Each structure stands twice: as structure tokens, then as C-alpha cells.
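Number of protein chains: 2
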Amino acid sequence: MDLTSVMEAGFVAYSDGKVVVPPVGELLFEEPPGDTHIKYGYIRDDRVFVIKIASGFYGNAALGLPSSSGLMLVFSQKTGFLESVLLDEGYLTNVRTALAGRIAARYLAPKEVKAIGVFGTGTMARMQVTYLSTETDCQNIVAWGRSDDSLRRYCDDMAALGYHVTTTRDAREVAEACNLIIMTTPSTKPLLMASQLQPGTHITAMGSDTPEKQELDSLILARADIVVADSLEQCLSRGEIFHAVRAGHIAAAQVRELGGQIRAGTRVRTSQDQITVADLTGVAVQDIQIAKAVCERLSS
Amino acid sequence: MDLTSVMEAGFVAYSDGKVVVPPVGELLFEEPPGDTHIKYGYIRDDRVFVIKIASGFYGNAALGLPSSSGLMLVFSQKTGFLESVLLDEGYLTNVRTALAGRIAARYLAPKEVKAIGVFGTGTMARMQVTYLSTETDCQNIVAWGRSDDSLRRYCDDMAALGYHVTTTRDAREVAEACNLIIMTTPSTKPLLMASQLQPGTHITAMGSDTPEKQELDSLILARADIVVADSLEQCLSRGEIFHAVRAGHIAAAQVRELGGQIRAGTRVRTSQDQITVADLTGVAVQDIQIAKAVCERLSS
Numbered sequence: 002m003d004l005t006s007v008m009e010a011g012f013v014a015y016s017d018g019k020v021v022v023p024p025v026g027e028l029l030f031e032e033p034p035g036d037t038h039i040k041y042g043y044i045r046d047d048r049v050f051v052i053k054i055a056s057g058f059y060g061n062a063a064l065g066l067p068s069s070s071g072l073m074l075v076f077s078q079k080t081g082f083l084e085s086v087l088l089d090e091g092y093l094t095n096v097r098t099a100l101a102g103r104i105a106a107r108y109l110a111p112k113e114v115k116a117i118g119v120f121g122t123g124t125m126a127r128m129q130v131t132y133l134s135t136e137t138d139c140q141n142i143v144a145w146g147r148s149d150d151s152l153r154r155y156c157d158d159m160a161a162l163g164y165h166v167t168t169t170r171d172a173r174e175v176a177e178a179c180n181l182i183i184m185t186t187p188s189t190k191p192l193l194m195a196s197q198l199q200p201g202t203h204i205t206a207m208g209s210d211t212p213e214k215q216e217l218d219s220l221i222l223a224r225a226d227i228v229v230a231d232s233l234e235q236c237l238s239r240g241e242i243f244h245a246v247r248a249g250h251i252a253a254a255q256v257r258e259l260g261g262q263i264r265a266g267t268r269v270r271t272s273q274d275q276i277t278v279a280d281l282t283g284v285a286v287q288d289i290q291i292a293k294a295v296c297e298r299l300s301s
Numbered sequence: 002m003d004l005t006s007v008m009e010a011g012f013v014a015y016s017d018g019k020v021v022v023p024p025v026g027e028l029l030f031e032e033p034p035g036d037t038h039i040k041y042g043y044i045r046d047d048r049v050f051v052i053k054i055a056s057g058f059y060g061n062a063a064l065g066l067p068s069s070s071g072l073m074l075v076f077s078q079k080t081g082f083l084e085s086v087l088l089d090e091g092y093l094t095n096v097r098t099a100l101a102g103r104i105a106a107r108y109l110a111p112k113e114v115k116a117i118g119v120f121g122t123g124t125m126a127r128m129q130v131t132y133l134s135t136e137t138d139c140q141n142i143v144a145w146g147r148s149d150d151s152l153r154r155y156c157d158d159m160a161a162l163g164y165h166v167t168t169t170r171d172a173r174e175v176a177e178a179c180n181l182i183i184m185t186t187p188s189t190k191p192l193l194m195a196s197q198l199q200p201g202t203h204i205t206a207m208g209s210d211t212p213e214k215q216e217l218d219s220l221i222l223a224r225a226d227i228v229v230a231d232s233l234e235q236c237l238s239r240g241e242i243f244h245a246v247r248a249g250h251i252a253a254a255q256v257r258e259l260g261g262q263i264r265a266g267t268r269v270r271t272s273q274d275q276i277t278v279a280d281l282t283g284v285a286v287q288d289i290q291i292a293k294a295v296c297e298r299l300s301s
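Going down the list, the protein sequences come from chains A and B.
Per our numbering, the first sequence runs over residues 2 to 301.
Per our numbering, the second sequence runs over residues 2 to 301.
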């Protein structure tokens, strides 16, 4: 089973209107601060439905515990019966997010990647780079981070995997060296500016998944030749596209949806000089597809 | 641990505004028809939060399976971590519902119960009667049902528990013989009419939990001296009170909330001739309390 194909099929089903996704459920806590989100849905005429519960409690670090936790529940669409409890603690969400980044690169990245720019030094900054190995042979990374410590750890860990990593705290250096850039931070202020960008660059923005978060100068989307959303509907209320549309820099009608591009089956980029942006906010169909894939593997 | 006290404390916390209950999540299915509901919430400053998932797939009977299924998940309010998965298949919902009926009878039923009237012959028609044994010694039941078969089974099963059961398909016979009446059906049309009621009767309506369902003639609520809701907010959008308010038979301001009555600690009924109605639509705090009680018992 090829997980990338499974995820591509999910995006296509979503863009074809075959996925039922009710509004996200949310519980907020104040003492200690935390939030729990319930994402759920199903593909019509599929075998199962999935409920994902994900929590972030940011005081956990002080207790020596990870801030994220969670699970996925898989139920039969024929009987409503619970079939599987996947105690993945958020791992499968990371996998499905990294797969979406791989797919975005497949359809949008330039043919020759000079260097991969990475904003952030956390789990996705590592995982996404390794997931890109199916799309490019490039092993040169320019990593941007806020702290020398975390940059050093990132550099060591990625070097152990065979990557050549240069670190910087200057976004301009990333933009000058790299034509495939991955944004993986929870920033609420733009980290990369339109004026810094080189022609022929593709950016996948995976960090911004709420209305507050923003990693890209909205003018980048105005300057981009092609802007792709994982979910147009969702990207109009959160993420980079939300900010750019609200600021009047782009119109919603200019944005293409990833599933439609996958269905077309060809690279979206038509010239190596185009600037392209993929905005990935995370769609429930990704959770459905990854949970199904795990269950099928377990039962085969 | 006394489960009734646990449930009473939950209703008091709810009426005191200490319970956070977001809107219910819902997934609807067409082929086969089914629905899944996600209820979740927490009591402020409590140790845990609870997510309950309950499904009803009405074609399951043809497969030899129960139509209902479900589970409860208990998480730490301090870390967000999953603590327990209770695969109760709806049993704990039945327990918390039966406990609510017991509490309603405790505060509202007449001192001397002549006979217990029961509309319906299913799980709650059985369970509620046995849960009432803490509130009354009465073992006389008049059971109303739609089918002779189900009435016969109900009669046999309850006789085996020591009850004296008379069965009928005429609501008037129930109303004439009984001064404590339990409504446990999924009816969408009134089964019991205001003209049939005797003074001094208490009715607990537990069957109607959606806007469509209705077991009582709305004029019963108009004629009642006291109307109590498990959740005033919820009862204005579903259940018996919803229908009576919409028809203009009662005003929302006349309705009391169960938690407030429990906090007062006295019987609500001030005379043995009063007609009283408790409308129980099921509140998330009941799920929170029952799940907590099970987990505490398991870990003690």
C-alpha cells in the first residue's frame, strides 16, 4: 500500500465533494491552559468513519510530558460499531501532514531543487524533509530557527541522516539559497517577505492552521503565479490564504484546490520561473485516510 | 460511592453554571441510515473531561446486532492525556438516565405511590422501575405498549423481579391507576393527554430527546403545577418543554431546573394534589459524572 496514493485519493474525494466533515469540536481550558479538538467525518460510500481527538496542553513540558496527545477512533459506516482505537499520540497527524507536503511538492516544486529551505526546527521540520526524498534528490538544507540551541540540534540530527545543513536566523539567506521552502512554525507574524523571494521558488506553508497564525507575508501570495489550498473552504477562515484574501491581496477565485490538481494528474507549475504556494491547514479527510490505511495494514 | 449523590452533584454543578458543554457533534448516514453523536464537556476545576460517542444504526437488528453502540473517553484536565476508554456500548448512558429519573422522583413524586405507570417496554422501561425502588416500595406497575408481544415479555421479565404488572394499550387506564408515570418511548406523537390525568400525579418524561419526539400532550405541562427541566437551555430546543413553549402553553420562565431544586434540598411538591412534570432530555454533565464514577471505582 502506497500511503501517498492513499492521501492523494483522499484529497481528490474531498475536492469532488464526497467527504462529509462537520465543524470541528473544541474544548478550551484555562488552568492549566490547553485545548482539545475533535475532528471527524467520512467519505460517502466508504467502509468507515473516523473521529480524531487531539489535545495541546502547553504546560506539560514543565511536567516532563509532551504537550501534544491524542488518538483516532475508527468506526464502521455500516453498523456504527467501534472497530479500532489508534493511540497514536499525534504521530499519525504528523504522517498525514508530511504526506500532504510531499504531494504539494510533487505537483508544484521546481524540477531541480537547489536547496530545501526549512523554517522551524521541530518534528515537522525534520519529518517533512525526509518525506521529500521521494520527490527530490536534494540533500542541501538551509534551516531557519529562533534559537541557536534548537538549530544546533536540528543540524546534528539531520546531518546524521545524511543531509548537509546550513543554519541561519536570517530569512533572506533561506530565500536566496533555496527554491523549495517549507514553513513549519506556529508563528503569528510573517517570517518570509515577498521582497526576499527568488523566481522559481515553491513554498509549502504547513504551520499556520488557525486564524491567528501566519508565516508568510501576504504579498507573497499576491506575487505568486499559483496558489493552492488543501481545502479552499477551510483556507478562507484560517492559514495564509485567509490573511491574503482578507488583506485584499488575492481573490478566493484565484486559489486552486489540491485535490483538483491531483485529479488532473499533471504538474501545476508550467514554467521553472513561476512562484508557487501551497497552503496546508490540515483536512479531516487526511485523518480518515491515514487511520484507514493503518487499520487495513493491521488486518491484512 | 453513592451514584445518586454523584449524579445530583452533577446537576447542581450544571445549574450553577460550572459545566462547559459545547454543542453536540453529529454525523448522519443515509445508507444504511444511522447517526452518531459526540457529547463532551467538563466541570470547571474538576480533574477530568469526558467525550462520549453514541451511535444508533437502526438496520442493525436485521444483522442480529444491537442498534445502539458507543463508548466514553476520559481525559485529564491537567495534561489532556487519555486516561480511560470505557467500552460501555451505551450501558452507562442508560444508568445515568435511570439515575436522573430516580432523582426526579425523589424531589417530585407523591409520598404514596399507588402504582407506577410505564409507557414503553424497552430497556429504560425496565431499568427505571428498578431504580425507583430506592424512592418507593410500590411494586404495582401498569405498563402501556404498542405490541402484545413486547408487553408480554415486559410483564414476564418484571414479574420475575417481583413486580405485579398489568398491561394495557389504553393510556387512560395508566392515568387512572397510577400517580407516578414514566414515559420511555421514542414517540413523535403525544401518548398521554391532559384530560386523562388525575390530580396528584407526577410524570417523568425521559423518551423525548430531540425536537421531533414528543410523548406528552403539551396541555399536560400547562395544567401541571410544577415543571422541571434537567437543562432549561436544552429543553427549549427539544423534548416536552420545547413543544409546550412553542405552542404557547407555558412560558420558559415557569420552568425550574433540576439542579436548583436539588441544591434547595427539599421536595419540590408542596401538596399531594399537585400535578408535576420532569422533562429529562439528557445532559452531558450526567455522562461526565457517570464516567468519573466508573474510573474512580476502577482505580480505588
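The beta carbon of each residue, even a glycine, is placed where N, CA and C say it ideally should be.
Computed from a prediction, not measured in an experiment: that's the story for all the values here.
Spatial neighbours of residue i in its chain, beta-carbon cut-off 7 Å, leaving aside the 5 residues before and after
| i | result |
| --- | --- |
| Q235 (chain A) | T282 and V284 |
| Q140 (chain A) | G163, Y164 and H165 |
| G57 (chain B) | G35, D36, S68 and S69 |
| G248 (chain A) | According to the sequence displayed, residue 248 (chain A) carries Ala and not Gly. Only S219 meet the Cβ criterion. |
| L4 (chain B) | L100 and A294 |
| R45 (chain B) | K19 and V21 |
| K40 (chain B) | V25, K53, A285 and D288 |
| N95 (chain A) | T124, M125 and M128 |
Proximal residues of chain A, C-beta to C-beta of residue i below 9 Å
| i | result |
| --- | --- |
| E27 (chain B) | P23 |
| Y43 (chain B) | L28 and F30 |
| F120 (chain B) | Near F120 (chain B) there are no residues of chain A at all, since even the closest Cβ is about 26 Å away, more than 9 Å. |
Whether residue i touches residue j by CB criterion (8 Å)
| i | j | result |
| --- | --- | --- |
| L83 (chain A) | L83 (chain B) | no |
| M207 (chain A) | I183 (chain A) | yes |
| R239 (chain A) | P212 (chain A) | yes |
| D226 (chain B) | Q262 (chain B) | no |
| V25 (chain B) | L28 (chain A) | no |
| V256 (chain A) | Y15 (chain A) | no |
| A253 (chain A) | L237 (chain A) | yes |
| G266 (chain A) | D17 (chain A) | no |
| F120 (chain B) | T168 (chain B) | no |
| V175 (chain B) | I221 (chain B) | no |
| K214 (chain A) | S188 (chain A) | yes |
| Y155 (chain A) | G146 (chain A) | yes |
Distance between beta carbons of residue j and residue i, contact taken as under 8 Å
| i | j | result |
| --- | --- | --- |
| L192 (chain A) | A172 (chain A) | 6 Å |
| F12 (chain B) | D231 (chain B) | 7 Å |
| V229 (chain A) | V269 (chain A) | 7 Å |
| I117 (chain A) | C179 (chain A) | 6 Å |
| H203 (chain B) | L217 (chain B) | Their Cβ separation, rounded to whole angstroms, is 12 Å, which puts H203 (chain B) and L217 (chain B) out of contact at 8 Å. |
| M2 (chain A) | R298 (chain A) | 7 Å |
| A110 (chain A) | T137 (chain A) | 7 Å |
| A106 (chain A) | T205 (chain A) | 7 Å |
Beta-carbon neighbours of residue i, restricted to chain B and to distances below 7 Å
| i | result |
| --- | --- |
| F302 (chain A) | Beyond the ends of chain A as shown, which are 2 and 301, falls residue 302 (chain A); an answer cannot be given. |
| V86 (chain A) | V86 |
| I242 (chain A) | Going along chain B, no residue has its Cβ under 7 Å from I242 (chain A), so there is no contact; the nearest lies around 26 Å. |
Contacts around residue i, its chain only, beta-carbon distance under 8 Å, and the 5 residues preceding and following it disregarded
| i | result |
| --- | --- |
| F76 (chain B) | V49, F50, V51, I52, F82, L83 and E84 |
| L87 (chain A) | L72, M73, L74, V75, L93, A292, V295 and C296 |
| M159 (chain B) | R127, V130, I142, A144 and V166 |
| N10 (chain A) | Reading off the sequence, residue 10 (chain A) comes out as Ala, not Asn. Excluding residues within five positions, the ones whose Cβ falls inside 8 Å are Q290. |
| Y43 (chain B) | V20, V21, V49, F50, V51, Q78 and I289 |
Amino acids of chain A, ordered along the chain, whose beta-carbon sits closer than 7 Å to that of residue i
| i | result |
| --- | --- |
| L66 (chain B) | T80 |
| I263 (chain B) | Ordered by position in chain A, no residue passes the 7 Å Cβ test against I263 (chain B), which lies about 26 Å from the chain. |
Closer than 9 Å at the beta carbon, the chain B residues around residue i
| i | result |
| --- | --- |
| N95 (chain A) | Result: empty, since nearest Cβ-Cβ is about 17 Å, beyond 9 Å. |
| F50 (chain A) | L28, F30 and T37 |
| V289 (chain A) | First, the residue type needs correcting, since residue 289 (chain A) is Ile and not Val in the sequence shown. Per Cβ cutoff of 9 Å: no residues; I289 (chain A) is ~12 Å from chain B at best. |
| I251 (chain A) | In chain order: nothing, as chain B lies at least about 33 Å away. |
Within-8 Å CB hit, residue i to chain C
| i | result |
| --- | --- |
| G35 (chain B) | Structure shown: chain C not included; protein chains present are A and B. |
Nonlocal neighbours in the same chain, by C-beta distance under 6 Å from residue i, ignoring five residues either side
| i | result |
| --- | --- |
| S151 (chain B) | T122 |
| K115 (chain A) | N180 |
| L233 (chain B) | V256 and E258 |
| H38 (chain B) | V25, E27 and A55 |
Within chain B, partners of residue i - CB distance below 8 Å
| i | result |
| --- | --- |
| N61 (chain A) | T80 and G81 |
| S300 (chain A) | Per Cβ cutoff of 8 Å: no residues; S300 (chain A) is ~19 Å from chain B at best. |
| S70 (chain A) | T80, G81, F82 and L83 |
| I304 (chain A) | Residue 304 (chain A) lies beyond the residue range present for chain A, which begins at 2 and ends at 301; the question has no answer from this structure. |
Residue i CB to nearest heavy atom of the ligand GDP below 7 Å
| i | result |
| --- | --- |
| F50 (chain B) | You won't find the ligand GDP in this model; it holds no ligand whatsoever. |
Open item on the list: Would the region 89–105 of chain B count as touching the region 59–75 of chain A if we require 3 or more Cβ pairs under 8 Å?
Closed with: no
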